[in-house]
Amino acid sequence: MADGSVGGNRVWEALMGFVKTLVKGAVVAKLVQVAQRELSKPENQQKIKQAFQKVQQRRAH
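Quick look at the structure:
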């Protein structure tokens, strides 16, 4: 792709930027998927509820 010309370099840089954006999007999508799976587990829901209650208790005092 990159033939050493300025135009070729611009195309290559634009393509690489697009690829990086796609990869970042895929990573974020995977993180969201893992987070949703973990948050759906009852034991994790209980831990979140307990942590939330602790925060509320600290604010009350």
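Residue numbers for the sequence shown follow the UniProt record's numbering, so the first one is 1 and each next one is one higher. Don't be surprised by glycine CBs; every beta carbon is placed ideally from N, CA and C. Being a predicted model, the structure only gives us computed values, none of them experimental.
Three-way DSSP call (helix, strand, coil) for Lys41 in this model: Reduced to three states, the DSSP call for Lys41 is coil.
Val11 versus Lys49: straight-line alpha-carbon distance, rounded: Each residue's alpha carbon lies about 51 Å from the other.
Distance, Glu13 Cα to Lys20 Cα: 10 Å
Met1 in three-state terms, based on DSSP: Confidence in Met1 is poor, its pLDDT being 48 and thus under 50, which makes the residue's placement too unreliable to answer from.
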